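>
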Amino acid sequence: MAGTTRAVVQTGPRALELRELPVPDIDADSAILRVEACGICGSDAEQYVGTIPVHYPLVPGHEPLGIIEAIGDRAAKRWRVDVGDRVAVEAPIPCGHCRSCLTGRYNVCRGRGGGLFGHGYVPLSRAPGIWGAYADRMWLDPFSIVHPMRKDVPASTAVMFNPLGAGFRWAVELPDTGPGDVVLVLGPGQRGIASVIAARAAGADTIIVTGLARDAEKLALAKTLGADHTIDVEQEDARVRVRELTNGHGADVIVEVSANSPVPVAESLHYAAFGARVVLAGVKGFKAVPDFVSDLIVVKELHLLGAFGVTSPSYAAAIRLIESGRVPVERMHTHDFALGDAAHAIELLAGEVAGEQSIHSCLVPGLG
Ligand SMILES: [Zn+2]
Ligand SMILES: [Zn+2]
7 MAGTTRAVVQ TGPRALELRE LPVPDIDADS AILRVEACGI CGSDAEQYVG
57 TIPVHYPLVP GHEPLGIIEA IGDRAAKRWR VDVGDRVAVE APIPCGHCRS
107 CLTGRYNVCR GRGGGLFGHG YVPLSRAPGI WGAYADRMWL DPFSIVHPMR
157 KDVPASTAVM FNPLGAGFRW AVELPDTGPG DVVLVLGPGQ RGIASVIAAR
207 AAGADTIIVT GLARDAEKLA LAKTLGADHT IDVEQEDARV RVRELTNGHG
257 ADVIVEVSAN SPVPVAESLH YAAFGARVVL AGVKGFKAVP DFVSDLIVVK
307 ELHLLGAFGV TSPSYAAAIR LIESGRVPVE RMHTHDFALG DAAHAIELLA
357 GEVAGEQSIH SCLVPGLG
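So that you can map any letter, position 253 of the sequence shown is 259 in the working numbering, and since no number is skipped, the others follow by simple counting.
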């Protein structure tokens, strides 16, 4: 046994406690990560309130960045990393054998136990227990996927590999965005702004972002990081504005990343150009979409694409962009939190803290 580590344990909806847990022993195929930072995203908020089906107690945290503290010989060879290297860790821990894995969709693998199997989602009862990154140290499984990352980038910037990876997968990889495309991003949260950065990097022609009146700061930031136009859907008629801004053409790529409300899903079809690709990535708590006019999909020959999670090529693109320093992605970063402040960090991201907003935030165990 290699000593103990602090870890935030979720024991039920809205119930987090800081505990001291034993650091697992590794074998030839596994490793221990010293967590430098763990990003907080919308699904942390859903997990916190209990809408993601998991078994308690567990250690949350599916966006880990850290330093390899101990590693087995075979893992070091397979992953091409060693003690002291910094790695970005993907959330899923795929089985490698199910139909999803074998058809290139390892991000939706359910092969390791029927449900979600990934860092931050596996209960303490399944040895060795510390599967999540809300901790000083965590377990890296033989099937974990790691990406080496340069150490001179500040941890709170480097850990943005996760939202930026989502931007590349949802706004570029899935809809095959390229030069000449008009890209419309619905929702200016961290995933929306990351989509702007990725679409810009992919050579998109015009990028438009929509949001609500209370999103004014986020919309301004989206513009700083690559958007050409922003629309406040409460003040302006978004259908008319999109038509004006695109000379009547509409958007070639639409990325729906707004949280909770199904209204933008129905609206997206009205903004779409003929043959447009519409990517749905914002979850709505399984609510039905009112006023959804499916005929628009037929007559415009639209392509509707669902996006769940991120895959390796998009993580790699995000990591290269961050390491290049070409885009000031750190401007998205608003808050660092100590492990003991995990509940506050999640509530802030979920918009439950009056008078304060976060865009990208992370837990930094080194803060205490
Ligand atoms: Zn996440
Ligand atoms: Zn699988």
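Cβ atoms here follow ideal geometry from the backbone N, Cα and C, with glycine treated the same way.
Quick caveat, the model's predicted, so the values are computed rather than measured.
#1: How long is the line joining the alpha carbons of Val178 and Ala233, rounded to whole angstroms?
#2: Hey, is the stretch 190-199 in contact with the stretch 208-215, meaning 3+ C-beta pairs nearer than 8 Å?
#3: To the nearest angstrom, how far is the alpha carbon of Tyr112 from that of Leu327?
#4: Can you list the beta strand (DSSP E) stretches of 3 or more residues lying completely in the stretch 205-234, in chain order?
#5: Across the stretch 102-112 and the stretch 68-80, are there enough close Cβ pairs to call them in contact, namely three or more that are closer than 8 Å?
#6: Roughly how many angstroms separate the alpha carbons of Val299 and Leu308, rounded to a whole number?
#7: Quick check on Gln53: buried or exposed, where buried means 16 or more other Cβ atoms within 10 Å of its Cβ?
#8: Taking the straight line between their C-alpha atoms, what separation do you get for Arg249 and Ala94?
#9: When the Cα atoms are used, what is the spatial distance from Leu122 to Val60?
#10: Between the Cα of Pro63 and the Cα atoms of Arg220, Ala13, Arg86, which residue gives the shortest distance?
#11: Under the rule that 16 or more other beta-carbon atoms within 10 Å means buried, what is Phe343, buried or exposed?
#12: Write down every uninterrupted run of the beta strand (DSSP E) in the stretch 254-293 whose length is 3 residues or greater and which is fully enclosed by it, in chain order.
#13: Quick one: Cα of Ile303 to Cα of Glu262, how far?
#14: Return helix, strand or coil for Asp342, following the three-state DSSP convention.
#15: Relative to ligand 2, is the shortest distance from any of its heavy atoms to the C-beta of Tyr112 smaller than 7 Å?
#16: So what's Thr11 in DSSP terms, helix, strand or just coil?
#17: For Ala82, which residues of its own chain have a beta-carbon under 6 Å away from its beta-carbon, when the five flanking residues on both sides are left out?
#18: Quick one: give me the first and last residue of the alpha helix (DSSP H) that Ile21 is part of.
#19: Consult DSSP for Ala161 and reduce its assignment to one of helix, strand or coil.
Taking the coordinates as given:
#1: Rounded to whole angstroms, Val178 to Ala233 spans 15 Å at the Cα level.
#2: By the Cβ rule, the stretch 190-199 counts as touching the stretch 208-215, because three or more pairs are nearer than 8 Å.
#3: Each residue's CA atom was taken as its position, placing Tyr112 and Leu327 some 24 Å apart.
#4: For the stretch 205-234, whole beta strand (DSSP E) runs of length 3 or above, ordered along the chain, are 212-217.
#5: Between the stretch 102-112 and the stretch 68-80 there are fewer than three C-beta pairs closer than 8 Å, too few to call the two in contact.
#6: Taking C-alpha positions only, Val299 is separated from Leu308 by approximately 12 Å.
#7: Residue burial annotation: Gln53 is buried, with at least 16 other C-beta atoms found within 10 angstroms of its C-beta.
#8: Going by the C-alpha atoms only, they are around 40 Å apart.
#9: Approximately 8 Å between the Cα atoms of the pair.
#10: With distances taken between CA atoms, Pro63 lies nearest to Ala13 out of Arg220, Ala13, Arg86.
#11: By the 10 Å Cβ count, Phe343 comes out buried.
#12: Fully enclosed beta strand (DSSP E) runs of 3 or longer: 257-262, 278-286.
#13: One C-alpha to the other measures close to 16 Å.
#14: Looking at Asp342 - three-state DSSP - the assignment turns out to be strand.
#15: Yes, ligand 2 has a heavy atom inside 7 Å of this Cβ.
#16: Here Thr11 sits in strand by DSSP.
#17: So the qualifying residues of the chain are Asp88.
#18: Residue 21 is actually Ala in this sequence, not Ile. Ala21 -> not in any alpha helix (DSSP H); beta strand (DSSP E) instead, spanning 21-28.
#19: Look at Ala161 here: in three-state DSSP terms it is helix.
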